[in-house]
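Numbering (UniProt numbering), first residue to last: 1 to 399.
Just so it is clear, CB atoms sit at the ideal spot from N, CA and C, and this is done for glycine as well.
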């Protein structure tokens with residue numbers, strides 16, 4: 001018997017703050033490294049010409065300028081948005097196959113049929129992939145590359161048709177709260193739906209309850225994102241992709257006006273490696289960190305009030321080999337138990353850090369095998385600890 005799994009959207013929970021200003025608990029075993037120089041084609045910021053189609057009917061004169069802009073963006077960009085269906089074959093007690101399906105959305109990147117989507121849409125290594133174009137035609141697809149830490153993946157349409165409409169990549173570094181955005185996707189299986197909203201916040205760090213990962217630097221929007229929108233584009237007012245819709249904050253599984261997207265600058269950073277290597281080389285420090293803030297430092301009577309407190313060290317990892325030390329005592333602040341007595345990282349090279357997030361951002365700029373000098377507070381005095389970054393490996397989930 002064939003069963004249909006409700007279309008998924010990644011549902012997240014905000015990282016808890018300690019004492020309001022204490023910061024968050026971070027795992028730094030997997031952090032992004034900049035991609036190696038790429039020779040594979042990277043999608044340009046100009047979309048490929050769309051297949052010829054009948055001219056759209058004239059718009060009513062009563063429409064406002066914003067409505068006309070929305071219609072123009074939708075008509076131009078929606079042919080580049082696809083429906084992705086995944087099928088996983090499971091077996092019952094009698095070894096009878098039970099197909100289970102899920103759906104998501106994606107954006108066509110190039111004429112070769114590469115499609116950008118979420119990792120959680122295609123995460124099962126056993127998935128059979130099918131892409132439905134705006135024309136209604138169905139094509140088989142294969143997984144090209146996956147980046148679970150950023151919830152990104154690239155698949156490729158097999159034997160793609162000529163004249164695919166592709167999406168234009170924008171940039172996210174200059175985005176501002178309040179800027180208009182549009183989302184196109186396939187919520188609840190409804191083909192190519194448009195919703196609009198604004199950017200509500202930037203730089204959100206969110207813990208995925210399902211995947212057990214922290215997604216960093218996300219765009220928050222009030223544009224409705226529902227199950228099936230996952231992997232679809234978040235667009236600016238001109239129709240350029242500025243994010244990949246990935247998560248909602250919800251207790252019901254449907255939109256509550258709080259949606260999140262992976263920024264396009266993150267996509268640009270990892271896309272060459274996904275196309276060339278099928279994955280992203282990630283630098284691993286092999287530690288767990290807690291962001292040290294002045295209130296926590298005062299409560300614990302620490303010699304510095306900013307930095308990254310080493311809460312745990314992975315046995316045999318880069319930090320362990322370098323001699324970094326984790327706390328061996330516990331302090332209770334509110335409802336939290338914090339490891340204390342360990343090293344406090346305050347700088348990488350000549351760059352001071354104020355919290356764990358800044359340390360993570362610095363590590364993201366380096367590659368596995370690179371040697372860094374960490375400035376560490378230990379026993380009340382500052383010392384230098386050289387460390388050689390390791391490489392974290394990723395595997396697709398089997399379901």
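With distances taken from CA atoms, which of the options is nearest residue i?
| i | options | result |
| --- | --- | --- |
| residue 299 | 281, 331 and 175 | 331 |
| residue 101 | 75, 312 and 129 | 129 |
| residue 327 | 311, 321 and 333 | 311 |
| residue 69 | 221, 386 and 182 | 182 |
| residue 371 | 75, 220, 284 and 293 | 284 |
| residue 306 | 272, 340 and 344 | 344 |
| residue 224 | 335, 136 and 245 | 245 |
| residue 296 | 322, 337 and 268 | 337 |
| residue 157 | 358, 291, 368 and 113 | 113 |
| residue 313 | 335, 333, 339 and 304 | 339 |
| residue 379 | 388, 341 and 369 | 341 |
| residue 133 | 120, 81 and 119 | 81 |
| residue 201 | 258, 275, 333 and 357 | 258 |
| residue 146 | 369, 115 and 247 | 115 |
Please report the straight-line C-alpha distance between residue i and residue j, rounded to a whole angstrom.
| i | j | result |
| --- | --- | --- |
| residue 143 | residue 280 | 14 Å |
| residue 117 | residue 381 | 48 Å |
| residue 176 | residue 236 | 11 Å |
| residue 104 | residue 277 | 24 Å |
| residue 302 | residue 199 | 38 Å |
| residue 166 | residue 110 | 6 Å |
| residue 483 | residue 363 | There is no way to answer for residue 483, as the model of the chain reaches only from 1 to 399. |
| residue 289 | residue 374 | 14 Å |
| residue 383 | residue 360 | 20 Å |
| residue 205 | residue 150 | 11 Å |
| residue 293 | residue 350 | 20 Å |
| residue 352 | residue 160 | 50 Å |
| residue 71 | residue 229 | 19 Å |
| residue 355 | residue 92 | 49 Å |
| residue 107 | residue 162 | 16 Å |
| residue 76 | residue 89 | 36 Å |
| residue 365 | residue 85 | 35 Å |
| residue 195 | residue 79 | 16 Å |
| residue 272 | residue 377 | 38 Å |
| residue 242 | residue 234 | 6 Å |
| residue 135 | residue 96 | 34 Å |
| residue 153 | residue 262 | 12 Å |
| residue 252 | residue 385 | Its pLDDT being 49, under 50, residue 252 is placed unreliably in this model, and the coordinates cannot settle the point. |
| residue 347 | residue 216 | 21 Å |
| residue 218 | residue 335 | 27 Å |
| residue 387 | residue 367 | 13 Å |
| residue 65 | residue 304 | 55 Å |
| residue 179 | residue 67 | 16 Å |
| residue 240 | residue 122 | 24 Å |
| residue 270 | residue 62 | 44 Å |
| residue 98 | residue 127 | 13 Å |
| residue 197 | residue 275 | 32 Å |
Taking the beta strand (DSSP E) that residue i falls in, what are its first and last residues?
| i | result |
| --- | --- |
| residue 183 | 180-185 |
| residue 214 | 214-221 |
| residue 344 | 344-348 |
| residue 282 | 282-284 |
| residue 152 | 152-157 |
| residue 81 | 81-91 |
| residue 331 | 329-333 |
| residue 164 | Where residue 164 is concerned, there is no enclosing beta strand (DSSP E), given that its DSSP letter is neither H nor E. |
| residue 190 | Where residue 190 is concerned, there is no enclosing beta strand (DSSP E), given that its DSSP letter is neither H nor E. |
Between which two residues does the alpha helix (DSSP H) holding residue i run?
| i | result |
| --- | --- |
| residue 68 | 65-77 |
Considering only DSSP beta bridges, list what residue i is partnered with.
| i | result |
| --- | --- |
| residue 138 | 132 |
| residue 386 | 373 |
| residue 273 | According to DSSP, which records beta bridges pairwise, residue 273 is partnered with nothing at all. |
| residue 107 | 81 and 116 |
| residue 310 | 289 |
Between residue i and residue j, which are expected to be in contact by the criterion C-beta below 8 Å, what is the C-beta distance as a whole number of angstroms?
| i | j | result |
| --- | --- | --- |
| residue 232 | residue 185 | 3 Å |
| residue 83 | residue 191 | 6 Å |
| residue 260 | residue 220 | 6 Å |
| residue 318 | residue 390 | 4 Å |
| residue 264 | residue 172 | 5 Å |
| residue 320 | residue 286 | 6 Å |
| residue 282 | residue 392 | 4 Å |
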